Each structure stands twice: as C-alpha cells, then as structure tokens.
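These protein sequence lines are chains W and U, in that order. Quick note: the first sequence uses the numbering used here, first residue 12, plus one each step. Quick note: the second sequence uses the numbering used here, first residue 12, plus one each step. The beta carbon of each residue, even a glycine, is placed where N, CA and C say it ideally should be. Note that this is a predicted model, so its numbers are computed, not measured.
2 protein chains.
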Amino acid sequence: MSRVSTSRFSTELVRSCTDLVVLALLRNRPMYGYEILVNLADRGNGEFEFQQGTLYPLLYRLEREGWIAGSWETPTTGKRRKIYSLTAEGQKAERARSKEWTRFTRAVESILEECNHE
Amino acid sequence: MSRVSTSRFSTELVRSCTDLVVLALLRNRPMYGYEILVNLADRGNGEFEFQQGTLYPLLYRLEREGWIAGSWETPTTGKRRKIYSLTAEGQKAERARSKEWTRFTRAVESILEECNHE
DNA sequence: CGACATACTATGCGGCGCATAGTATGTGAG
DNA sequence: CTCACATACTATGCGCCGCATAGTATGTCG
C-alpha cells in the first residue's frame, strides 16, 4: 500500500469521479466494500488506490442517495460483509454520469490541444 | 450567463482541472482575468462558465505558486487590468498536469469500458 | 445622467478526499 | 494455543476549493 505523496492535483482528479467509478464497477456485479477497494487498486494503474476513509463514506452516500443498496451477508466461513448492488436509479445515474464525464473530458481535451498547437 | 442548476458532479469535474485549463489557456498568450473568463465561456461548450468567485482566487493561487505572473496595465482608454502570463515554472507545471490528466482519464475510461461491456 | 458592461477584491459555506483511530473477527505460522 | 496479520466496517475532524454573494469603481452608449 503506502500511498506515496498524493499530490493535490491527483486528489482533485480522483475526487471528480469516485461516484462514477464505483457505480461503474457495481454494474458488473454486486460487491462488498473491501472487495471494491482491492478491485480498484488492481485496475486503473494505481490511479485509484482509495483509502478506506474515502470508500466507506462514499458508499454510505451512494446508499443514502438510493443508487446502491446494501445487504448483510453472514457466510458460514469468513467475516460478515455488506454487499452493495446497483439499484435501477443507480443504473440510470451511472449512465448519465458516464455521458457527462465523456462530454466534459472532450471539452478539456479540445482546450488542451488548441492551446498546445498554436 | 445564469448558470443553470450546477450539479455537484459537474462541479467536481470542473474543480478537478481549473488549474490545468487556465495554465493551458495562458500558454497561448498572456491574458487578464475577465478575458480568461470570457474565453473559457466561449470554448468548451459551456462546460467552463467560471464564476468570478472561482477564477480570481484561482489566479491569486497560481500567482502565489509562482506559475503565473501578473502585471498591471493602465491603457490610454478602458479600465486598468492585471495581465497574467505563464512563468517558466508554470510551463513546466502545465506540461506535467497535462500528462497526468491524460494518464488519469485513460484509467477511468478503461474502467468504464470494461464495466460496460461485460 | 443613468443603465449596463467591464474588471477586480473580499468573505464565508459546504462537500468530500484523506488522515487517523477504533472495533472485531478470521487465518496461519510457530 | 497464541500472536501477528489480513479482513472488514465504523467514526471523526481537517483542509482545500468551487460557488454564492456582495462590494467597489471605471468605461461606454443611448
């Protein structure tokens, strides 16, 4: 782990799309918190090494918003865990955010290119 | 103007790259605050309609950081204005952020695609 | 001269990532 | 068996920054 010197800039980047990324992950299949943490760390080339203090409050927020729903699982072996899955609302939200994200990044790109070529 | 109901999501998106966008703009040529405001509103399909309360503090911060330098212009006609231009440090910062931004968005895209196809 | 655009300054709120700390159960090496 | 470590969730407070809001002051144009 050992999150090396997170710059403010990368913090702001992460902050801009935590919701989106988690919602997208849950489109695949329901997951519990810790599983999401590990999954994100594996993908995304180390850009998404969420702290627990980032993820869990985020999950509470998404649940409060009605976009995900959690249910406790008490397996025969292993620790109890809260499994989160996308609601119908959440699926809609994910699609909307995904589109908005694409539109926005295109706008940024056009500004960057324009300014780097003249 | 009349910024219609800015959603939290788009606020977070904007927040993630205000520095980058302004630095990129100033790569072209020096500009004063109000000019930047208008320029950004024109490009980027309405994604960057900064409030004054967003831009000016941002400029102060970038100046404090040593990335831009401001000098007062008192034209024969018209209002006095503070012209900001990129410093050498600022150019380096712009390039670095630009790269980081690209790397990051690629990571997000890969997560989005992966999750939308399975 | 009054309305509106131009142009900058100043202050405070609110949301959220992160740091930090705490709780508690499961597992595996010795 | 026990101690270290991984797993898994809960809780609290700080700090940054976009935004809202308000204020000041000089141009321009009908």
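In the region 44-60 of chain W, which residues sit with their C-beta less than 9 angstroms from some C-beta in chain U, listed in chain order?
Legend: CB atoms of the region 44-60 of chain W lying less than 9 angstroms from CB atoms of chain U belong to residues L51, R54, G55, N56, G57, E58 and F59.
Output the residue ranges of the beta strand (DSSP E) runs that lie fully inside the region 37-124 of chain W and measure 3 residues or longer, sorted by chain position.
79-84 and 92-97
One question on the structure: do W:Y95 and W:G77 come within less than 8 angstroms of each other, judged by their Cβ atoms?
Numbered from its first residue, the first sequence carries residue 95 of chain W at position 84. Numbered from its first residue, the first sequence carries residue 77 of chain W at position 66. No, these two residues do not count as a Cβ contact at 8 angstroms.
Can you find the residues in the same chain that come closer than 8 angstroms, C-beta to C-beta, to U:F59, ignoring five residues on each side of it along the sequence?
Your numbering for residue 59 of chain U matches position 48 in the second sequence. If we look at U:F59 and ignore the five residues flanking it on each side, its Cβ neighbours are V25, V32, L51 and A52.
Should U:T116 be labelled buried (16 or more other beta-carbon atoms within 10 Å of its own) or exposed?
Against the second sequence, residue 116 of chain U aligns to sequence position 105. By the 10 Å Cβ count, U:T116 comes out buried.
The alpha helix (DSSP H) with U:T22 in it runs from where to where?
Residue numbering aside, residue 22 of chain U sits at position 11 when the second sequence is read from its first letter. Here the alpha helix (DSSP H) through U:T22 covers R19 to S27.
Going along chain W in order, which residues have a C-beta closer than 8 angstroms to the C-beta of U:L24?
For this step, residue 24 of chain U is matched to residue 13 along the second sequence. Ordered by position in chain W, the residues that pass the 8 angstroms Cβ test against U:L24 are S27, C28, E111, W112 and F115.
Use the C-beta contact count for U:W112: other C-beta atoms within 10 angstroms, 16 or more gives buried, fewer gives exposed.
As a first step, residue 112 of chain U is located in the second sequence; it is residue number 101 there, counting from the start. Its Cβ being crowded by 16 or more others within 10 Å, U:W112 is buried.
Please check the pair U:K93 and U:G44, which I expect to be a contact at CB under 8 angstroms, by giving their CB distance rounded to whole angstroms.
Within the second sequence, residue 93 of chain U is the residue found at index 82, counting from 1. Within the second sequence, residue 44 of chain U is the residue found at index 33, counting from 1. Rounded, the Cβ-Cβ distance is 7 angstroms, consistent with contact.
Sort U:T17, U:K110 and U:M42 by Cα distance to W:F20 and report the nearest one.
Residue numbering aside, residue 20 of chain W sits at position 9 when the first sequence is read from its first letter. For W:F20, the nearest C-alpha among the options comes from U:K110.
Nearest to U:L123 by CA position, among W:Y71, W:I122, W:L69 and W:R106, is which residue?
Locating residue 123 of chain U in the second sequence gives position 112, where the first residue counts as 1. The shortest C-alpha separation from U:L123 is found at W:R106.
So with Cβ pairs under 8 angstroms, would you call W:S121 a contact of chain U?
If you number the first sequence from 1, residue 121 of chain W lands on position 110. Closer than 8 angstroms to some Cβ of chain U, the Cβ of W:S121 qualifies, so yes.
Output, in chain order, the set of chain W residues within a Cβ distance shorter than 9 angstroms of U:S21.
Taking the second sequence and counting its residues from 1, one reaches residue 21 of chain U at position 10. E111 and F115, listed in chain order.
Nearest by alpha-carbon distance to W:Q102: which of W:A35, W:S27, W:T29 and W:T22 is it?
For this step, residue 102 of chain W is matched to residue 91 along the first sequence. Closest option to W:Q102, Cα to Cα, is W:A35.
With 8 angstroms as the limit, tell me which residues of the region 83-108 of chain U have their beta carbon closer than that to any beta carbon of chain W; keep them in chain order.
R108
Between U:A80 and chain W, is there a C-beta pair that is closer than 8 angstroms?
Working through the second sequence from its first residue, we reach residue 80 of chain U at position 69. No, U:A80 lies away from the interface with chain W (no Cβ there is under 8 angstroms from its Cβ).
Out of U:E120, U:L73 and U:A118, which has the shortest C-alpha to C-alpha gap to U:A99?
Position 88 of the second sequence holds residue 99 of chain U. Answer by Cα proximity: U:L73.
Measuring alpha carbon to alpha carbon, tell me which residue in W:E120, W:T17, W:E125 and W:S121 is nearest W:G57.
Along the first sequence, one-based indexing puts residue 57 of chain W at 46. That would be W:T17, whose Cα lies nearest to the Cα of W:G57.
Compare the Cα-Cα distances from U:K90 to each of U:E46, U:R40, U:N39 and U:L37 and report the closest residue.
Taking the second sequence and counting its residues from 1, one reaches residue 90 of chain U at position 79. Looking at the Cα atoms, U:E46 is the closest of the given residues.
Should W:V119 be labelled buried (16 or more other beta-carbon atoms within 10 Å of its own) or exposed?
For the purposes of this step, residue 119 of chain W is identified with residue 108 of the first sequence, where counting begins at 1. It counts as buried.
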